[in-house]
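So in our numbering, the last one in the sequence shown is 1695, and the numbering has no gaps at all. Here a beta-carbon is modelled for each residue, glycine too, at the ideal position from N, C-alpha and C. Here the structure comes first, spelled out in structure tokens, and everything after it is commentary.
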Amino acid sequence: MNWIKRRQAAFVSVVRRLGARAYLLFALVFTTLIVADLGLLNMVAAADTKLFDTLISHRLLVPKPDPDIVILDIDEASLAGMAKEQGRWPWPNRVLGDMVRGLEAQAPRAIVFDILFSDSDVQRPESDAAFNADIARSTTTFFPMLRLDPQNDRLSRIPVGALPGARAVQAGAEAQTPIAIILPKVPAALDNGRLGTHQVTPDADGIIRSYPTWIEHAGWSIPSMPQRIAEEFAYPGADQPEVLLNWRGKPFTYPYVSFVDVYRDLKADKKLRPVDEFKNKIIIIGSTAPSLFDIKGTPVAHIHPGVEIMATAIDNFKNGDYLRERPKWVMKLAALLLIWGMAIALYRQTRIEVFDTVFGALQGALVVLAFAVVNLTDWYLDASAPLSLGLSYFALSRVYYGLSKNWLANSRVQDMETQVQGRRLLAVLAVRLEGATAAQRRRLKGDLDHLVARSRHEAGRIVDLIEDPGFVQKVFSDVMLVYWLLEDPADHWQEDALMIEQGLTLHRAADVAARRLRFARRHELMCWETTNGWTASAFATILAAMSDTFSVAALPPTLQESDR
1132 MNWIKRRQAA
1142 FVSVVRRLGA
1152 RAYLLFALVF
1162 TTLIVADLGL
1172 LNMVAAADTK
1182 LFDTLISHRL
1192 LVPKPDPDIV
1202 ILDIDEASLA
1212 GMAKEQGRWP
1222 WPNRVLGDMV
1232 RGLEAQAPRA
1242 IVFDILFSDS
1252 DVQRPESDAA
1262 FNADIARSTT
1272 TFFPMLRLDP
1282 QNDRLSRIPV
1292 GALPGARAVQ
1302 AGAEAQTPIA
1312 IILPKVPAAL
1322 DNGRLGTHQV
1332 TPDADGIIRS
1342 YPTWIEHAGW
1352 SIPSMPQRIA
1362 EEFAYPGADQ
1372 PEVLLNWRGK
1382 PFTYPYVSFV
1392 DVYRDLKADK
1402 KLRPVDEFKN
1412 KIIIIGSTAP
1422 SLFDIKGTPV
1432 AHIHPGVEIM
1442 ATAIDNFKNG
1452 DYLRERPKWV
1462 MKLAALLLIW
1472 GMAIALYRQT
1482 RIEVFDTVFG
1492 ALQGALVVLA
1502 FAVVNLTDWY
1512 LDASAPLSLG
1522 LSYFALSRVY
1532 YGLSKNWLAN
1542 SRVQDMETQV
1552 QGRRLLAVLA
1562 VRLEGATAAQ
1572 RRRLKGDLDH
1582 LVARSRHEAG
1592 RIVDLIEDPG
1602 FVQKVFSDVM
1612 LVYWLLEDPA
1622 DHWQEDALMI
1632 EQGLTLHRAA
1642 DVAARRLRFA
1652 RRHELMCWET
1662 TNGWTASAFA
1672 TILAAMSDTF
1682 SVAALPPTLQ
1692 ESDR
């Protein structure tokens, strides 16, 4: 208990020295941390991902998927349906070659494999040869490459300059620099040159939110699969290394066709499916089968097929509607403006009720604005910095405000309670607004707090004189009290009292004219020789001041003169 009192006394001492300047000091600390990228930005990053996920997953206006993108799905039904003829996965590559020939007969725009052909089929070389021949004749197929951990680059024999689609983006970039990457074991695919990387890197929480446009290595740029397709067909693509995906909704939003159904129809003598089903379509061959483990987490679903993430990226690059972002410094600046706005408001003793209301309204407006932007445009307004940092500053400031108000008030009587004998001058200023409504009382309290904060003699305001509702509270509800507890009886507390009276009179001319605003002062030199022996004298002084507000003498001086 003594330790707590010592800490409280130390805090009170600091508060008395700093006063409202502490809010400016807090703002300066936040500014330093933000500008120096220290500490707080980790919190902002976490808030950013949560905000993005919430806004995207609750959109009211979700963009429609491109109707020309179709997923040819190697689903569980396909794995089971093909098992009797082709065995377990992976099937012979000639099966995929048959599918390519059948699809190209319908003149699709592109056939994109979301399957990594990382190994040759040593047990069925004739199947690989047939597939390679089909790909050599193909003009629409695209194959993926898989970038490996850069730590393995020194072990690779693949020169970066030899990769199809790779471009030198720096002067003097060495083409023979090795890169660790898995290329398709399909020679014709390498010869055709329609290759792109297809891996995505999740954020720290394991969620996929963005897609790379290209990968850079040793001054070379290697396009991703969606960007390579965009280049091939002169689609808008992207001009930045990575983009936020503009999700089209929950999984299975795109048209899905089961691989086994299409394959059987291709092999059947009598065709049941439309002969132009895939004309001008971008067909992505991939898998949603859980047993093939191509499943990831996204903002719209914890379980999202990897092939549909690829489809979403191709859709975004095809239509150029991936989510744009403002530079990070813009929102950091917004956070600083919000923090310094709050700091200045608190320093200037803005009424705390107004401060709380305005802050809550601003935070809500930011969320509404960000939600509207992501629904109505192709932009993502990252409001996480002003939201999270603003809330942190608000919480710190409100804790300081609450502790300073309570502890400063308590500190005035703590030393009196421990003294068996002593003396203090108690001065009381009673303020009464006759017939005040609840809203008017709140405004008067705010004005009074603002003036008390300017006190030069450590004035305090009694917040809750009567806690229990009922008759007594009704009688005293219009009266508010300001008090001074002074060790030096000669202290000029009257200067504070006059400043408060003049301030209220100036800003409440209508109440003064209507004879509703009244003041009364009382002071008493309290002397005691027993513990808490001062309470009776204090009670009498406070009660007398409150009673005086009901007399004509309690009117402001100008009205007292007119009555005479």
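Shown here, K1195 sits in coil according to DSSP, grouped into three states, outside any helix or strand. Around the beta carbon of E1660, fewer than 16 other beta carbons sit within 10 angstroms, so the residue counts as exposed. DSSP places R1555 in the uninterrupted beta strand (DSSP E) bounded by G1553 to L1564. Between the region 1256 to 1264 and the region 1220 to 1235 there are three or more C-beta pairs closer than 8 Å, enough to call the two in contact.
Note: M1276 is bridge-paired with T1328 in the DSSP secondary-structure output. In the structure shown, K1381 falls within a coil segment according to DSSP collapsed to helix, strand and coil. Assigned with DSSP and collapsed to three states, Y1614 falls in strand. Per DSSP, the continuous alpha helix (DSSP H) segment holding A1503 begins and ends at I1483 to L1507. Inside the region 1184 to 1232, DSSP marks whole beta strand (DSSP E) runs of 3 or more residues at positions 1200 to 1204, from first to last along the chain. Inter-residue distance for F1383 and D1199 is about 15 Å (C-alpha atoms, whole angstroms). Distance check between V1388 and each of E1373, I1413 and N1377 places I1413 closest, using alpha-carbon atoms only. Going by C-alpha positions, T1332 is about 29 Å away from I1266.
Rounded to the nearest angstrom, the gap between the Cα atoms of A1474 and W1351 is 48 Å. By the neighbour-count criterion, in which a residue is buried when 16 or more other Cβ atoms sit within 10 angstroms of its Cβ, R1653 is buried. Under a 10 Å Cβ-count criterion, F1525 is classified as buried, with 16 or more other Cβ atoms of the shown protein chains found around its own Cβ. Under the DSSP assignment, H1623 falls outside any beta strand (DSSP E); it carries neither an H nor an E label. In the structure shown, R1649 falls within a strand segment according to DSSP collapsed to helix, strand and coil. As the crow flies, the alpha-carbon of V1253 is around 35 Å from that of G1428. Excluding residues up to 5 positions away in sequence, R1379 and G1380 lie with their Cβ nearer than 7 Å to the Cβ of V1193 in the same chain.
Apart from sequence neighbours up to five positions away, the residues of its chain that approach A1676 with a beta-carbon distance below 8 Å are V1559, L1560, A1561, L1612, A1651, R1652 and R1653, ordered along the chain. V1431 sits in coil when the DSSP states are folded into three classes, being neither helix nor strand. A contact between stretches requires three or more CB pairs, one per stretch, nearer than 8 Å, and the region 1614 to 1622 fails this requirement with the region 1563 to 1578.
By the criterion of at least three beta-carbon pairs nearer than 8 Å, the region 1491 to 1498 is not in contact with the region 1204 to 1211. Between the alpha carbons of L1164 and L1467 lies a gap of roughly 11 Å.
For W1460, DSSP records no beta bridge to any residue. Between the region 1387 to 1406 and the region 1175 to 1188 there are fewer than three C-beta pairs closer than 8 Å, too few to call the two in contact. Between the alpha carbons of S1535 and G1591 lies a gap of roughly 11 Å. Pairing I1470 with L1520 gives a Cβ-Cβ distance under 8 Å. Proximity of the region 1340 to 1350 to the region 1299 to 1318 meets the contact definition, three or more beta-carbon pairs being nearer than 8 Å. V1374 is classed as buried because its beta carbon has at least 16 other beta carbons within 10 Å across all chains shown. In this structure, R1340 sits near D1334, with a CB-CB distance shorter than 8 Å. For F1390, the enclosing alpha helix (DSSP H) starts and ends at F1390 to K1398.
With contacts defined as CB atoms closer than 8 Å, L1518 and L1500 fail to qualify as a contacting pair. Considered as a whole, the region 1342 to 1373 harbours 1356 to 1363 as its complete alpha helix (DSSP H) runs of no fewer than 4 residues, in chain order.
A1444 is classed as buried because its beta carbon has at least 16 other beta carbons within 10 Å across all chains shown. Comparing alpha carbon positions, the residue from E1589, G1472, F1502 and L1564 closest to F1161 is G1472.
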